[in-house]
Structure formats: structure tokens, C-alpha cells
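Reading through the C-alpha cells given below for one structure.
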Amino acid sequence: IDEELLGDGHSYSPRALHSWLTRVLYNRRSKINPLWNTVLIAGVDGGESFLGYVDLLGVAYEAPSVATGFGAYLAQPLLRAELERDRDRDQLPTREEARELLERCLKVLYYRDARSFNRYEVATVTEKGVELEGPLTLEANWDIAHVV
Amino acid sequence: AYIANRVTDKLTPVHDRIFCCRSGSAADTQAVADAVAYQLAFHSVELEEPPRVRTAARLFQQSCYRYREELSAGIIVAGWDPRRGGQVYVVPMGGLLLRQPFAVGGSGSSYIYGFLDATFQPGMSRSQCQEFVARALALAMVRDGSSGGVIRLAAITEEGVERTVLAGSDLP
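Quick look at the structure:
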């Protein structure tokens, strides 16, 4: 993806990048020599926001919410409940709502995924570009330890 | 790996002033600990005095060695008795019995042997011991994926047992 080198003003749209990645990953898996990754693509292209998923098997799709690893089991249900709850499919959450939702998901993952840590970063993708926040630390609630 | 219980209590009493620290299979260690607790209760009635920590450790060892092929249990027995005061015995997988100044077990223990050997001093005070244990566990919890959650401490003396919990921001 070294398109910057050409300097010809052309670049991949998020959708095109996703498509290209899908081809690469699927063809590698078909040669029984996979690139062992799960990739999420988040982008904005001319006002339209895009969220895509591709993995080592070449499984690829677009959805209002995406997650990898343990997140697929624990966070997706939370994300889908929030995003598809009594709102029109095109109504996106506000930045604050999305942030709060993300933190809730990350907290659950910290509690339940053995291979997790309590530090995280957040990237917000808009027309203007990518804004990276962090590293931030998750506040965990251990009150139940006293009930055991 | 899924964490079924993030606040498990792995410090199990087998008598008033004798506890065991369980690692390995939860099912195996619970079963053995229950059996030893029963045996100790019976034994202390016969003896008409509190059982020795060494006796508790020996009881653990006898089960862990006899059934060594079937079990997956790493146990540390610690407590206080009038005969020898505070003691620590380790019964690792395989069923050997050994008394030690201090002991650690479980997958996270591998990461802290350096810290332990460099930091331990015989004759530490109660609070020094508690700080030593908390720091050691916190280090293991950071590095070992299979270690985490809260730190449970049980301080056992002639006076009795005092249990504390360190969680989240309390951790060193």
C-alpha cells in the first residue's frame, strides 16, 4: 500500500482497501499459507463512513459494528444491542455515545479475557483524518471480590 | 482464554489456623482440600489440641502422591501451630513434601523467582511480609495471562486469621 510513493494524488478508498485485503488474505488461505491476522478497516469516504472486517480465512463483511478476537464473542452483542436498539439503521451514535459504549466493551473484555490488559487507545476516524487518544487506563470494579 | 470467575478465592481453610493455597485443577484441589479438612477435624478431636501444620501438609501429600497420575494439583500449606509457630510447606505436582521459608506456585510463579530471590529476607515483620507478597503477586499478574483479578491475603498468627483483599488501584 505504498501509494504515497507515487504521489499521483490517487489513494485507496476504505472500501477498495477492504476489497484488496480480502483478495490477498483469501488467496493466501487458499494456498494453505495464511497471513494469520484479523483486520478491521474504519474509514470515511466522501461523507460515507465505512467499517469492514477481513480475517485469515478470507471471511469479509461490512457492518455497523466490528470486533476481533474475544471482542467478537463479548463485545459484539453489546455493540449490536446499542446500535440496533430502536433507532433507524442510518442513525449513527454521537461521538460521546460511541466512546462510552467502547469503554463499556473494553471493561468487559478486561474482566473476562485472560490475555488482556487495562490499558487502551482510541482512534476516531472522520473526514478530517484520524485522531488517536491514549494510552488510557480502564477503571475496574472489584467490589464483588468481597462477596465471594 | 475465558475467565469464568475473576474473583476466585483460592485461599482455603483446612483448619482454624491452617490454610492452603490452591493451584492447578480447581476440581482436584477442592476435592483434596475438602478431604484433608475432614481428616484434620477428626484428628484434632482425637488429639484434643489444634493439629500441627506439618500434619496438614502430610495429609495433603498423601493424597497428592497416591493419586499423582490422576491429579493436577499444586498446593501450598501454611499456618500456625503452638509447637513450631508459623510454617510454610509446599506440595507440588507429583506429591513431594518440603518445608520452605516461603513458597510460590501456579503458572505466574515462573515470572517472579528473580524478584523473590532478590528481595526475600528471613525474619521480616508482618507488614513487610504482606508488602512482599502483594508486590510479588502484582508483578506476576502483569506478566502472566493466566494470573489476574484480585490479591487475597490471609495473615495467620497465634491470635487468629486476618483476611484482606487488594484490588484495582490498591495493587502495588
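Read top to bottom, the protein sequences are chains A and B. Residue numbers for the first sequence follow my numbering, beginning at -15 and rising by one. Residue numbers for the second sequence follow my numbering, beginning at 4 and rising by one. For glycine and all other residues, C-beta sits at the position ideal for the given N, C-alpha and C. From a predicted model like this one, the values you see are computed outputs, not experimental measurements.
Bridge partners of THR78/A according to DSSP: none are assigned. Here VAL114/A is exposed, its C-beta having fewer than 16 other C-beta atoms within 10 Å.
The contact set of VAL92/A on chain B, defined by CB atoms closer than 8 Å, is empty, because the minimum CB distance reaches about 11 Å. Beta-bridge annotation (DSSP): VAL114/A is paired with VAL109/A.
The three-state reading of DSSP puts TRP126/A in coil, since its state is none of H, G, I, E or B. In the three-state reduction of the DSSP assignment, VAL39/B falls in the helix class, which pools H, G and I.
Out of ARG20/B, ILE6/B, GLY77/B and ASP12/B, the CA that lies nearest to the CA of VAL168/B is found in ASP12/B.
Distance from the Cα of SER113/B is smallest, within the candidate group ASP147/B, LEU99/B and ALA121/B, for ASP147/B.
ARG9/B has a beta carbon lying within less than 8 Å of a beta carbon in chain A.
The bridge partners DSSP lists for GLY89/B are TRP83/B. Between ASP127/A and the set THR160/B, LEU142/B and SER172/B, the nearest pair of CA atoms involves SER172/B. Remark: C-beta atoms of VAL153/B and ALA98/A do not approach each other more closely than 8 Å. As a beta-bridge residue in DSSP terms, GLU165/B pairs with ALA158/B. Any Cβ of chain A closer than 8 Å to the Cβ of TYR114/B would place that residue at the interface, and such an atom is absent. The beta carbon of ALA170/B sits closer than 8 Å to some beta carbon of chain A. The beta carbon of SER26/B lies closer than 6 Å to those of GLY77, GLY108 and GLY109 in the same chain, with the five residues before and after it left out.
Taking C-beta atoms as the reference points, ALA59/A and LEU24/A fail to come closer than 8 Å.
Assignment of beta-bridge partners to TYR45/A by DSSP yields TYR37/A. With respect to the 8 Å criterion, GLY36/A and HIS2/A are classified as neighbours on the basis of their beta carbons. Using a Cβ-Cβ distance cut-off of 8 Å, the stretch 53 to 65 of chain B and the stretch 33 to 41 of chain B are in contact, since at least three pairs of beta carbons, one from each stretch, lie closer than that value. By the neighbour-count criterion, in which 16 or more other beta carbons inside 10 Å mark a residue as buried, TYR95/A falls on the buried side. For SER149/B, the residues of chain A that pass the 8 Å Cβ criterion are ALA98, in the order they occur in the chain. Non-local beta-carbon contacts of ILE159/B in its own chain, meaning distances under 6 Å to residues more than five positions away in sequence, involve ARG20, GLY82 and TRP83 in chain order. Close to chain A, meaning a Cβ-Cβ distance shorter than 9 Å, are the following residues of the stretch 12 to 46 of chain B: ASP12. In this structure, the beta-carbon distance from LEU122/A to LEU85/A does not fall below 8 Å. Around the beta carbon of ASP31/B, a 10 Å sphere encloses 16 or more other beta carbons of the protein chains shown; the residue is thus reported as buried. Beta-bridge analysis with DSSP links ARG25/B to ILE78/B. In terms of beta-carbon proximity, TYR10/A stays away from the interface with chain B, with every pair separated by 8 Å or more.
Spatial neighbours of ARG103/A in its own chain (CB-CB distance under 6 Å, excluding positions within 5 residues in sequence) are listed in chain order as PRO119 and THR121. In terms of Cα proximity to TYR57/A, the closest of ARG155/B, TYR5/B, SER149/B and LEU43/B is TYR5/B. At a cut-off of 8 Å between C-beta atoms, VAL132/A counts as an interface residue with respect to chain B. Counting along the chain, the unbroken alpha helix (DSSP H) around PRO61/A starts and ends at 54 to 67.
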